[in-house]
Every structure is written in C-alpha cells, then in structure tokens.
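Residue numbers (this note's numbering): 9 to 241.
Here a beta-carbon is modelled for each residue, glycine too, at the ideal position from N, C-alpha and C.
Bear in mind the structure is a predicted one, so any value in this text is a computation, not a measurement.
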Ligand code: DC
C-alpha cells in the first residue's frame, strides 16, 4: 500500500467505526492526552450536506455536490470559555445544525458519492500536521491515511450504540425515541458499510475493539497502551 508524504512523516492514529461507537469521545481524549491535532472527518461530510441544503442542491446532483465539497468555506473557531468548537459555514454558525441526527443521515447519503469523497480527500490529508494527528471517521485507516502508524476500529453492538445515543439526547433535554434511533442507526450502518467506495470496514492490521461492555476510560487506556507499544508516546 502506498505511503503518503503527509502520513509517512507525521505520526497518525486512525479511529474508524460505526455511528455511536464512541469514536468522537475517544478521539477528543486521545488528541488532548497526546497534544495532537484532531480530524473529525464526519464533520466535512456533514458540512457538505448542510451546504447542499442551504443552496437547495438535490442529494442526487452529484456534480453540484462535488463542487460544494471542493469549495467548502468553513472555519472552526476554538473558544477557551466554551467546550464546543464553533463551526462557521459561509459566514453563518452551523454548530448546532451540524450535530443533528438528520444532518448525519444526509451526510451518509452524500458520502456515498465517489466524487464527493475525492473532493474531500486532500483537505483531510492536510490535517496531518506536527506533532501528530488523531483521525476520526469511516475510511481513515483504509483510504485517507493508509500508512498510519496505529489503526483502531471501534465497534459496539447496534443496541448499545442506540442506547448511548438515546441517553445523550435525553440528557440534553431533547425528545427521543429509542426505537427510531435504532432503526436510523441500522439504516446508516447499512449505507456506510455497503457503499461501493471506501465502505466502513476495519483496515488490515487494525486493532479491533468492541466497546459494548467497556468504559470510555478502558478503551482510552487500551489505545494509549498500544500507542506506547509502537513508540508513539
Ligand atoms: O461520524 P459522523 O456521524 O459525523 O459521520 C456522518 C456520516 O458521514 C457517516 O454516516 C458517514 C459519513 N462519513 C464517511 O463516509 N466517511 C468518513 N470518514 C466520515 C464520515
């Protein structure tokens, strides 16, 4: 497999897995513990989906979607007083809209279009900056950073993932139905795993972790131990 200039020099840890597997949380903690940069690649697909919505572009208009993905005008603003990163798309805050379940579902549809994936490839690779990168997504280890020093595939049963998502929403004071979440997650898994280009699957030699009965701390410790093993910290 070819080595890319960006990931042959800069250490990269990739974390792939289905929605709700805990990747986002683990990646933030890994980046904070190691002091490395973080790529939330799902956010780029979500932003493409939002740009399409704002511009009235249909989800089957592949040429227009590719143009939107290639020219995403986005800023990520880190504010020390707030935990959440503010996301600005074409001058407008989309921080809340970005995280909606509906946005994730649309992102999964645009992510199945090869031209959209191509348009986002180099933008993702540019995140590999010193001292290192934690890359969160579906194809980080298989396609975007095939030369990564450590590849993790984080899984959990779909029932457990639905339960976690349900609790998150309820804790935020939002209305949620466990049954609807479960159905939506199954649909999203199916779309992300069955698509022709860059489907979700463990990379060769990935450390496959089933977090169904593991705590966040336990998963973090296993990954950090593996990183130590590989001389990454
Ligand atoms: O991780 P997330 O929920 O923010 O991702 C939203 C969708 O984007 C996900 O269902 C599939 C797609 N995606 C992808 O195809 N490849 C990635 N590297 C990241 C996300």
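Run of the alpha helix (DSSP H) containing residue i, from where it starts to where it stops
i: residue 202; result: 186-202
i: residue 163; result: Unbroken run through residue 163 is the beta strand (DSSP E), 158-163; no alpha helix (DSSP H).
i: residue 213; result: Premise fails: residue 213 is in no alpha helix (DSSP H) and is neither H nor E.
i: residue 2; result: Absent from the model: residue 2. The displayed extent of the chain is 9 to 241, so no value can be given.
i: residue 85; result: Residue 85 -> not in any alpha helix (DSSP H); beta strand (DSSP E) instead, spanning 82-85.
With 16 other Cβ atoms within 10 Å as the buried cut-off, status of residue i
i: residue 148; result: buried
i: residue 94; result: exposed
i: residue 74; result: buried
i: residue 126; result: exposed
i: residue 198; result: exposed
i: residue 153; result: buried
i: residue 150; result: buried
Endpoints, the beta strand (DSSP E) within which residue i is located
i: residue 22; result: 20-24
i: residue 249; result: With the chain represented from 9 up to 241, any question about residue 249 goes unanswered, as that position is not in the structure.
Within 8 Å, strictly: CB atoms of residue i and residue j
i: residue 103; j: residue 76; result: no
i: residue 190; j: residue 170; result: yes
i: residue 27; j: residue 132; result: no
i: residue 214; j: residue 166; result: no
i: residue 163; j: residue 25; result: yes
i: residue 67; j: residue 106; result: no
Spatial distance of residue i from residue j (CA atoms)
i: residue 129; j: residue 187; result: 35 Å
i: residue 96; j: residue 192; result: 27 Å
i: residue 235; j: residue 158; result: 7 Å
i: residue 225; j: residue 34; result: 9 Å
i: residue 124; j: residue 200; result: 14 Å
i: residue 60; j: residue 237; result: 43 Å
i: residue 14; j: residue 80; result: Residue confidence is low: residue 14 scores 47 on pLDDT, short of 50, so the model does not pin down where it sits. No coordinate-derived value is stated.
i: residue 54; j: residue 156; result: 24 Å
i: residue 20; j: residue 207; result: 20 Å
i: residue 195; j: residue 100; result: 30 Å
Any non-hydrogen atom of the ligand ATP closer than 7 Å to residue i Cβ
i: residue 50; result: Among the ligands present in this structure, namely the ligand DC, the ligand ATP is not found.
(message) Give the list of continuous beta strand (DSSP E) stretches no shorter than 3 residues that lie fully inside the region 112-152.
(response) 141-145
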